[in-house]
Amino acid sequence: TGAGKSTVLKTIYRDIPISSGNLYINGEDVCSIPRRHIPRFRRKIGMVFQEPMTSLNPVFTIGMQVMEVIQAHEDCSRGEAFERAVQMLELVGIPEARLRMQDYPHHFSGGMRQRVMIAIAVACGPALLIADEPTTALDVTTQAQILELMVELQGEFGMAMILITHNLGVIAQMAEEVIVMYLGKIVERADVKTLFNDPKHPY
1164 TGAGKSTVLK TIYRDIPISS GNLYINGEDV CSIPRRHIPR FRRKIGMVFQ
1214 EPMTSLNPVF TIGMQVMEVI QAHEDCSRGE AFERAVQMLE LVGIPEARLR
1264 MQDYPHHFSG GMRQRVMIAI AVACGPALLI ADEPTTALDV TTQAQILELM
1314 VELQGEFGMA MILITHNLGV IAQMAEEVIV MYLGKIVERA DVKTLFNDPK
1364 HPY
């Protein structure tokens, strides 16, 4: 906690200004993107936040919130956005997705809300999915289902994925390469097997 993990990812998303350095996604330097082009750039990145119970707007239907992202980044009609949103909800395992489009977030459990957040994050086929503690508020069984879903979607869309977590079990299961942060700095970087078999930093 307080190591700077979420801050780094907000910087990648250009929520926080980058004062120096370089960051490349698909060969494009994120640091040099003009402010007016940031919305276009963000189409390449999907974000899943850590608190599904508060991440969705309570006064808009689930369907409206998924459609909003699609219409913001795709050249499509409202009808096309609706059908695409239904497809995305089906893809993340929402039963009776077409009917559930009219429901509000309070009609969904925490795990189902997180599935909706994932649907929103991948709706425009991002090159990179950033998941910030996506299983923190969920029970163990639901955590496993959400992680399995993310792996399936990564294969479906061919995305890179950055996962923030405190959970070493999740890291062991999900990660290929691990970065350990402490007090705002990277203190260790290794493949997942090396990290667990021969950690270099006491933290």
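The number in the working numbering is simply the position in the sequence shown, starting from 1, with 1163 added.
Ideal placement from N, C-alpha and C gives every residue a C-beta, glycine not left out.
Bear in mind that the values here come from a model prediction, so they are computed numbers and not experimental data.
Write down every uninterrupted run of the alpha helix (DSSP H) in the region 1221-1270 whose length is 4 residues or greater and which is fully enclosed by it, in chain order.
1225-1236, 1241-1254, 1260-1263
Mapping DSSP to helix, strand and coil, what is residue 1363?
Position 200 of the sequence shown, counting from 1, holds the residue named residue 1363. Note: residue 1363 maps to coil in three-state DSSP.
Where DSSP assigns a beta bridge to residue 1324, which residues make up the other side?
For the purposes of this step, residue 1324 is identified with residue 161 of the sequence shown, where counting begins at 1. 1292.
Determine the closest residue to residue 1307 out of 1288, 1330, 1325, 1205, with distance taken between C-alpha atoms.
By 1-based counting over the sequence shown, the position of residue 1307 is 144. Considering only alpha carbons, the answer is 1330.
Own chain partners of residue 1283 with C-beta closer than 7 Å, once the 5 adjacent residues on each side are dropped
Counted from its first residue, the sequence shown places residue 1283 at position 120. For residue 1283, where only same-chain residues beyond five positions count, the Cβ hits under 7 Å are 1228, 1229, 1232.
On the three-state DSSP scale, how would you describe residue 1206?
Locating residue 1206 in the sequence shown gives position 43, counting from the first residue. Coil at residue 1206, not helix or strand.
Given a cut-off of 9 Å on the beta-carbon distance, is the pair residue 1354 and residue 1341 in contact?
Counting from 1 along the sequence shown, the entry for residue 1354 is found at position 191. Counting from 1 along the sequence shown, the entry for residue 1341 is found at position 178. Yes, they are a contact pair.
Is the region 1291-1301 touching the region 1262-1269, taking contact as three or more C-beta pairs under 8 Å?
no
Extent of the continuous alpha helix (DSSP H) run through residue 1349
Taking the sequence shown and counting its residues from 1, one reaches residue 1349 at position 186. Taken as a continuous stretch (DSSP letters only), residue 1349 belongs to no alpha helix (DSSP H), being part of the beta strand (DSSP E) at 1348-1354.
Pull up the distance between the alpha-carbon of residue 1350 and that of residue 1191, whole angstroms please.
Here the question's residue 1350 lines up with position 187 in the sequence shown. Here the question's residue 1191 lines up with position 28 in the sequence shown. In a straight line, the C-alpha of residue 1350 is about 26 Å away from that of residue 1191.
If you follow the alpha helix (DSSP H) that residue 1171 is part of, which residue opens it and which one closes it?
For the purposes of this step, residue 1171 is taken as the residue at position 8 of the sequence shown. That run of the alpha helix (DSSP H) goes 1168-1175.
Beta carbon of residue 1289 nearer than 9 Å to that of residue 1209
If you number the sequence shown from 1, residue 1289 lands on position 126. If you number the sequence shown from 1, residue 1209 lands on position 46. The answer is yes: Cβ separation under 9 Å.
DSSP on residue 1315, reduced to helix/strand/coil?
Sequence index remark: in the sequence shown, residue 1315 carries index 152 (1-based). The answer is helix: DSSP assigns residue 1315 an H, G or I state.
Residues near residue 1347 in its chain [Cβ-Cβ closer than 8 Å; skip 5 each side]
In the sequence shown, counting from the first residue as 1, residue 1347 sits at position 184. Taken in chain order, the residues that qualify are 1166, 1167, 1170.
For residue 1342, which of helix, strand or coil comes out of DSSP?
Numbered from 1 along the sequence shown, position 179 holds the residue referred to as residue 1342. Residue state, collapsed to three classes: strand.
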